[in-house]
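In what follows, a structure is listed as structure tokens, so that the remarks can point back to it.
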Amino acid sequence: MKIGIDCRMYGLKHAGIGRYVENLVTEILKKDKKNSYVLFVRKEDFKNLSKKFLNVRVVEADIPHYSIREQTDFPLIMGKQKVDLMHFPHFNVPVLYNGKFVITIHDLVKHNSKGKETTTRNLGIYWLKYFGYKTIFEHSVRRAIKILVPSYFVKKDLLNNYKQPRGKIVVTYEGVNILGSGKKSKEEVSKILKKYKTESPFVLYVGSVYPHKNIERLIKAVLLLNNEGIFINLVVVCARSVFWQRLENKIKELKAEKIVNLAGFVPDEELIFLYKEAKALVFPSLSEGFGLPGLEAISNETPLIASDIPVFREIYEEAAIYFDPYSEKDIKEKIKIVLENKELRERLKETGKIVSEKFDWKKTASETINVYNEAFK
Numbered sequence: 017m018k019i020g021i022d023c024r025m026y027g028l029k030h031a032g033i034g035r036y037v038e039n040l041v042t043e044i045l046k047k048d049k050k051n052s053y054v055l056f057v058r059k060e061d062f063k064n065l066s067k068k069f070l071n072v073r074v075v076e077a078d079i080p081h082y083s084i085r086e087q088t089d090f091p092l093i094m095g096k097q098k099v100d101l102m103h104f105p106h107f108n109v110p111v112l113y114n115g116k117f118v119i120t121i122h123d124l125v126k127h128n129s130k131g132k133e134t135t136t137r138n139l140g141i142y143w144l145k146y147f148g149y150k151t152i153f154e155h156s157v158r159r160a161i162k163i164l165v166p167s168y169f170v171k172k173d174l175l176n177n178y179k180q181p182r183g184k185i186v187v188t189y190e191g192v193n194i195l196g197s198g199k200k201s202k203e204e205v206s207k208i209l210k211k212y213k214t215e216s217p218f219v220l221y222v223g224s225v226y227p228h229k230n231i232e233r234l235i236k237a238v239l240l241l242n243n244e245g246i247f248i249n250l251v252v253v254c255a256r257s258v259f260w261q262r263l264e265n266k267i268k269e270l271k272a273e274k275i276v277n278l279a280g281f282v283p284d285e286e287l288i289f290l291y292k293e294a295k296a297l298v299f300p301s302l303s304e305g306f307g308l309p310g311l312e313a314i315s316n317e318t319p320l321i322a323s324d325i326p327v328f329r330e331i332y333e334e335a336a337i338y339f340d341p342y343s344e345k346d347i348k349e350k351i352k353i354v355l356e357n358k359e360l361r362e363r364l365k366e367t368g369k370i371v372s373e374k375f376d377w378k379k380t381a382s383e384t385i386n387v388y389n390e391a392f393k
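Spelled out as structure tokens, the structure:
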């Protein structure tokens, strides 16, 4: 079977989806020796990926996501390769593509989180784009032979929103990355912390700063702790985005500049040391499809404090302390408990190691290959 994979969102520059594509493709190509693969990539990645994957056909498809050209030109590029099956790792399948395909749906956050607070655009443009999003999403779900999702929570959410056979939707848990060796001298670690203007003690947040990530309540919770005499900083690791300026303004409005550090993007080989030096990772999201930063934290023995939402209970099990994400007071109390209870921190570390071992990209790849073979029958 000749399988095509849309790799236009390859690598960390595309955040969580980019990490998913990079790890999945790498492990699939190591494991699957029966099927042949065609990777469709952006121009900026063509040279590097052609060298990395020597025995695979790499095709340049320098077409932006969510663009008109994605709908008109991308189907032509794919059509020339005559693949038996395509895998789109996101919902944005071109409507004009008439071949067999499977898709990955990472979450339905945009279904449930919408309106003026979720955009920096003119509302008229926003609602036009939202209509396009819903139209493409529904078309992709309806036409896909199989749908991969990262959790049973997303499967349930998808079934609640779209009438699809249960067997069509397959849960393939994602893996957790080994961020680096984690071995550096105290002086080297100190340099990394200084580079990102990080002062201990601190709690850590890793992820985007979209409204559903609930960062404002986390900041208020950390302010409450400091007002009680428990001096702790908050370090936010996030690539700059359209919501970055909004967050900066909110920090100034709350007069939290002295305790909140917007570290920006941190590469994996340095991020591991922020995890190891942090008192805890706090993950206050109102909605997620999986929750990779929490797994990164517990795999590096960082205590995890997370929102009490179904998907986090599913993924983290007993490896986290949970709080009401709508209450900054409860967030504050749970951080305080972890900071003050050494025995609890040690228990979270031990449980975290056990839980994180269940999530392996090799397993994700094997399960995905099985879905490809099933879809082609």
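Numbered according to my numbering, the sequence shown spans residues 17 to 393.
The beta-carbon is built from N, C-alpha and C at its ideal position, and this holds for glycine as well.
Keep in mind that this is a model prediction, so the values were computed, not measured.
Rounded C-alpha distance that separates residue i from residue j
i           : j           : result
residue 156 : residue 249 : 43 Å
residue 124 : residue 179 : 15 Å
residue 383 : residue 90  : 27 Å
residue 269 : residue 262 : 10 Å
residue 216 : residue 294 : 8 Å
residue 259 : residue 253 : 14 Å
residue 59  : residue 191 : 27 Å
residue 39  : residue 348 : 35 Å
residue 116 : residue 182 : 19 Å
residue 140 : residue 280 : 31 Å
residue 366 : residue 83  : 46 Å
residue 63  : residue 238 : 45 Å
residue 243 : residue 342 : 20 Å
residue 308 : residue 85  : 31 Å
residue 202 : residue 221 : 23 Å
residue 391 : residue 304 : 27 Å
residue 273 : residue 207 : 22 Å
residue 236 : residue 69  : 47 Å
residue 355 : residue 364 : 12 Å
residue 278 : residue 320 : 20 Å
residue 276 : residue 218 : 9 Å
Residues that DSSP places opposite residue i in a beta bridge
i           : result
residue 22  : 56
residue 101 : 19
residue 396 : With the chain represented from 17 up to 393, any question about residue 396 goes unanswered, as that position is not in the structure.
residue 249 : 218
residue 119 : 104 and 163
Residue i and residue j closer than 8 Å at C-beta
i           : j           : result
residue 311 : residue 257 : no
residue 184 : residue 163 : yes
residue 160 : residue 118 : yes
residue 99  : residue 19  : yes
residue 323 : residue 302 : yes
residue 298 : residue 234 : yes
residue 33  : residue 103 : no
residue 51  : residue 388 : yes
residue 25  : residue 122 : no
residue 353 : residue 48  : no
Residue i classed as buried or exposed, judged by whether at least 16 other C-beta atoms fall within 10 angstroms
i           : result
residue 151 : exposed
residue 245 : exposed
residue 167 : buried
residue 108 : buried
residue 362 : exposed
residue 56  : buried
residue 88  : exposed
residue 2   : Absent from the model: residue 2. The displayed extent of the chain is 17 to 393, so no value can be given.
residue 65  : buried
residue 345 : exposed
residue 232 : buried
residue 289 : buried
residue 284 : exposed
Residue i Cβ short of 7 Å to the ligand MG heavy atom set
i          : result
residue 81 : Because no ligand of any kind appears in the structure shown, any question about the ligand MG cannot be addressed here.
Secondary structure, beta strand (DSSP E): runs of 3+ residues fully inside the segment 253-313: 276-280 and 296-299
Ignoring anything shorter than 4 residues or poking outside the segment 164-231, list the alpha helix (DSSP H) runs there in chain order. List check, alpha helix (DSSP H) in window: 168-177 and 202-211.
Identify every run of the beta strand (DSSP E) within the segment 55-92, keeping only runs that are complete inside it and at least 3 residues long; order them along the chain. 73-76
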